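Structure, as structure tokens:
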Amino acid sequence: MKIGVPREIKTHEYRVGLTPGAVREYVAAGHSVVVETNAGAGIGVTDDNYRKAGATILGSAREVFASSEMVVKVKEPQPPEWAQLRENQILFTYLHLAPDRPQANGLLKSGCTAIAYETVTDANGGLPLLAPMSEVAGRLAIEAAGSALKRYAGGRGLLIGGVPGVQPARIVVIGGGVVGTHAARMAVGLGAEVSILDRSIPRLRELDELFEGRVRTRYSTLEAIEEEVFAADVVIGAVLIPGASAPKLVSRGMLRSMRKGSVMIDVAIDQGGCFETSRPTTHAEPTYEVDGVIHYCVANMPGAVPVTSSQALNNATLPFGLALANKGFAAVLENPHLRAGLNVYRGRLTSRAVAESLGLPYSPIDQAAA
Ligand SMILES: NC(=O)c1ccc[n+]([C@@H]2O[C@H](COP(=O)([O-])OP(=O)(O)OC[C@H]3O[C@@H](n4cnc5c(N)ncnc54)[C@H](O)[C@@H]3O)[C@@H](O)[C@H]2O)c1
-18 MKIGVPREIK THEYRVGLTP GAVREYVAAG HSVVVETNAG AGIGVTDDNY
32 RKAGATILGS AREVFASSEM VVKVKEPQPP EWAQLRENQI LFTYLHLAPD
82 RPQANGLLKS GCTAIAYETV TDANGGLPLL APMSEVAGRL AIEAAGSALK
132 RYAGGRGLLI GGVPGVQPAR IVVIGGGVVG THAARMAVGL GAEVSILDRS
182 IPRLRELDEL FEGRVRTRYS TLEAIEEEVF AADVVIGAVL IPGASAPKLV
232 SRGMLRSMRK GSVMIDVAID QGGCFETSRP TTHAEPTYEV DGVIHYCVAN
282 MPGAVPVTSS QALNNATLPF GLALANKGFA AVLENPHLRA GLNVYRGRLT
332 SRAVAESLGL PYSPIDQAAA
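In terms of our numbering, the sequence shown is numbered consecutively and its last residue is 351.
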């Protein structure tokens, strides 16, 4: 199959759909790959690196779209890209289509087959193409907390790990899923005192075993959140209720009892945030202060580290992308996990959740493909 990799055009998106390492895998499997010139610039990869991996460099996105049977990207296609997609072409990328009617219309009109990274599933009921970005965000959350705790940044002036004879920072993680676990791992590694709160008792059991007593686990009730937040130097918001906005677990009232210069990192901001006082921020201006408490609420945290994020994303997408390249659309019909990723097929919406949220008709894939 001929695979195309255009340069990402969404503002401040530096990741790339295929790294040179992934290109080598496609080429080794007998496929050809075309890459738009400078597609890898955001992660420090040159056209020559892609050529050495076996790709052909093309001068424009238009040529890449026109000559490929499958387009592999990172972000949802932008309006100029919808217009270049066509029938019988596979698009494999993040779509986040549910709240995005204009994009849905664009993809439906194009007639393309669009598979969304964020709805591809795995055998454990997880979302394997979302998980790597949650891993990155969870680990970054502790780096962001360390920066915000510095006195010159408005923080308490606290070193996360303390030093011998001086107590470390107290870090509370609300939500012990992928983000929360990776945040806790970093915090423990730096020597912090860490609590994790979750609503799932099986998950709390797993965390208890995983950290072998190095973190305190607590069932997430209003009382437990209050007690933990009042004593915290850093609170990480990492909850997710699939398909719903994040619940507001830390109220403005609770903030007033926190120490001045404490730090709140709301990773769940992309789902509306789990602190009442959260509002989305950007990497250019990541923090703001409410009642003396520093807030960090960057909605695209992995964008700060595109080299790590692109590699992590490519590792996760590669087996699915190769299956699509090897078998074409038959891979979707054969593999229930890729099938879960299918959002649009020849002008029809094949994801029930997306169709319902857009208020548009849903076509099960068997009907759409008939
Ligand atoms: N800001 C970013 O750049 C960025 C990047 C990646 C992920 N995220 C977001 O981070 C959030 C967490 O993602 P994840 O992959 O870790 O999800 P996940 O499903 O792995 O984990 C979420 C956890 O929250 C727990 N939970 C639900 N309600 C709770 C409550 N009331 N109290 C305590 N815990 C509760 C669940 O039991 C689960 O263990 C999501 O909103 C995700 O979209 C943001």
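Don't be surprised by glycine CBs; every beta carbon is placed ideally from N, CA and C.
Note that the coordinates shown come from a computational prediction; the quantities given were computed from them, not determined experimentally.
Sub-9 Å separation of residue i and residue j beta-carbons
i	j	result
residue 112	residue 297	yes
residue 23	residue -4	yes
residue 402	residue 271	Absent from the structure is residue 402, since the part of the chain shown begins at -18 and ends at 351.
residue -10	residue 61	yes
residue 119	residue 167	yes
residue 91	residue -17	no
residue 241	residue 273	yes
residue 172	residue 123	no
residue 30	residue -12	no
residue 302	residue 7	yes
residue 344	residue 326	yes
residue 217	residue 146	no
residue 334	residue 342	no
residue 268	residue 150	no
residue 4	residue 34	yes
Closer than 8 Å: residue i CB and nearest ligand 1 heavy atom
i	result
residue 152	no
residue 123	no
residue 106	no
residue 157	yes
residue 179	yes
residue 251	yes
residue 385	In this structure the chain extends from -18 to 351, so residue 385 is not present and cannot be described.
residue 186	no
residue 201	yes
residue 228	yes
residue 248	yes
residue 282	yes
residue 118	yes
residue 26	no
residue 265	no
residue 191	no
residue 80	no
Residue i versus the options, residue with shortest Cα-Cα distance
i	options	result
residue 16	23, 215 and 40	40
residue 219	55, 121, 349 and 6	121
residue 101	326, 110, 310 and 214	110
residue 83	269, 59, 226 and 92	59
residue 97	341, 332 and 27	332
residue 239	263, 262 and 206	206
residue 155	143, 105, 221 and 183	221
residue 213	19, 158, -18 and 152	152
residue 52	209, 76, 36 and 72	72
residue 157	138, 127, 192 and -2	192
residue 182	200, 144, 312 and 190	200
residue 174	335, 55, 194 and 44	194
residue 233	223, 44, 211 and 134	211
residue 0	204, 287, 126 and 93	287
residue 188	209, 164, 208 and 204	164
residue 266	337, 338 and 125	125
residue -14	9, 45 and 35	45
residue 105	281, 144 and 317	317
residue 78	348, 340 and 196	340
residue 295	130, 27, 75 and 88	75
residue 179	169, 263 and 209	209
residue -2	307, 32, 10 and 57	57
residue 103	321, 28 and 304	321
Which residues DSSP lists as bridging residue i, in chain order
i	result
residue -17	13
residue 176	153 and 197
residue 95	72 and 325
residue 277	246 and 268
residue 343	330
residue 39	17
residue 216	153 and 245
CB-CB length for residue i against residue j, believed under 8 Å
i	j	result
residue 177	residue 202	Not a contact, Cβ separation roughly 14 Å.
residue 116	residue 108	So it is not a contact: roughly 12 Å between Cβ atoms.
residue 355	residue 251	Lying outside -18 to 351, the shown extent of the chain, residue 355 is not represented and no answer is given.
residue 259	residue 114	Contact doesn't hold; Cβ gap of about 19 Å is too wide.
residue 323	residue 313	5 Å
residue 310	residue 94	6 Å
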